[in-house]
Amino acid sequence: KNQVEQSPQSLIILEGKNCTLQCNYTVSPFSNLRWYKQDTGRGPVSLTIMTFSENTKSNGRYTATLDADTKQSSLHITASQLSDSASYICVVSWGGGGADGLTFGKGTHLIIQP
Amino acid sequence: DARVTQTPRHKVTEMGQEVTMRCQPILGHNTVFWYRQTMMQGLELLAYFRNRAPLDDSGMPKDRFSAEMPDATLATLKIQPSEPRDSAVYFCASGLRTGPNQPQHFGDGTRLSIL
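The following block contains the structure:
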């Protein structure tokens, strides 16, 4: 059964600190992995998309890694800001890679405290 | 910035009523998705269209849900009759199917409450 597990469920850190969110998946055949940021009351916004052959991708202070062998991904946030407070959702595509198959994690709720 | 527009933003109605949610995808995008998000289940894909044709609606309870794209600028998701368990946030997203790794652009959702 295709599954995406995210950890931790929630995380509170102080402004300026770094943090790492985890995503483990059991999805086959793998096509790509996406990280989304969702602010309260808004739709998700794409941060990164990685294919099988990519193991690192950055978007500003966000860096995603992918280990296709262990089926793990992480999202690292550097020098956190108050605006980083949001839910972060990991989504894995399988099959043809479009919406042929999409499996969603339940997200990590991140709170940045001043 | 081009955006996906969803209406209404909020809807409260009694069970048994028909609910219609609308989505205007980003101009030029040829793929449209409908999602439902709840605290318990997270995000779930309900249906998606490519070039206005429905490609997959296996995530949708077909006895009461229907999704259509009457034209390239409008997608609708209808629930009839609505039930309290349909209470959720419904998102529409659009994208360009030029390759499997193109991002999807989400609207801000319709928050639906069925009493």
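Chains A and B are the protein sequences, given in the same order. Sequential numbering from 6 applies to the first sequence in my numbering. Sequential numbering from 1094 applies to the second sequence in my numbering. The beta-carbon is built from N, C-alpha and C at its ideal position, and this holds for glycine as well. Predicted, not measured: the structure shown is a model, and the values here were computed from it.
Exercise for the section: Enumerate, from N- to C-terminal direction, the unbroken beta strand (DSSP E) stretches of 3 or more residues contained entirely within the region 1117 to 1199 of chain B. Expected result: Here the runs fully enclosed are 1124 to 1131, 1135 to 1143, 1146 to 1149, 1158 to 1164, 1167 to 1172, 1181 to 1188.
Problem - Bounding residues of the beta strand (DSSP E) (the contiguous stretch that carries R1096(B)) - result: Premise fails: R1096(B) is in no beta strand (DSSP E) and is neither H nor E.
Practice task
Measuring only between beta-carbons, confirm whether G48(A) sits less than 8 Å from chain B.
Solution key: yes
Exercise for the section: Report yes or no: is there a C-beta of chain A within less than 8 Å of the C-beta of Q1117(B)? Expected result: So, not an interface residue.
Handout entry: Delimiting residues of the beta strand (DSSP E) encompassing A84(A)
Key = Unbroken run through A84(A): none, as it is neither H nor E.
Problem - N-terminal and C-terminal residue of the beta strand (DSSP E) that S33(A) is part of - result: Looking at the DSSP string, S33(A) is not in any beta strand (DSSP E), and its letter there is neither H nor E.
Problem - Member of W99(A), S58(A), Q43(A) whose CA lies at the smallest distance from the CA of T113(A) - result: Q43(A)
Problem - Integer Cβ distance of C28(A) from Q11(A), believed to fall under 8 Å - result: Confirmed, Cβ separation roughly 5 Å.
Problem - Which listed residue (R1102(B), Q1110(B), A1181(B)) has its alpha carbon closest to that of C1116(B) - result: R1102(B)
Exercise for the section: Could you check the C-alpha separation between S98(A) and T70(A) for me, to the nearest Å? Expected result: The alpha-carbon of S98(A) is positioned some 16 Å away from that of T70(A).
Practice task
Could you say which of E1111(B), I1119(B), Q1134(B), P1154(B) lies nearest to Y1140(B) if we only look at CA atoms?
Solution key: As written in the sequence, residue 1140(B) is Ala, which differs from the Tyr given in the question. Comparing Cα positions, the closest option is P1154(B).
Practice task
Take E1111(B) and list the residues in its own chain whose beta-carbon comes closer than 6 Å to its own, dropping the five residues that flank it on each side.
Solution key: Q1173
Practice task
Just the C-alpha distance for S78(A) and T53(A), rounded to the nearest angstrom, thanks.
Solution key: 11 Å
Exercise for the section: Using a cut-off of 8 Å between C-beta atoms, extract the partners of F57(A) located in chain B. Expected result: None at all; the shortest Cβ gap to chain B is about 11 Å.
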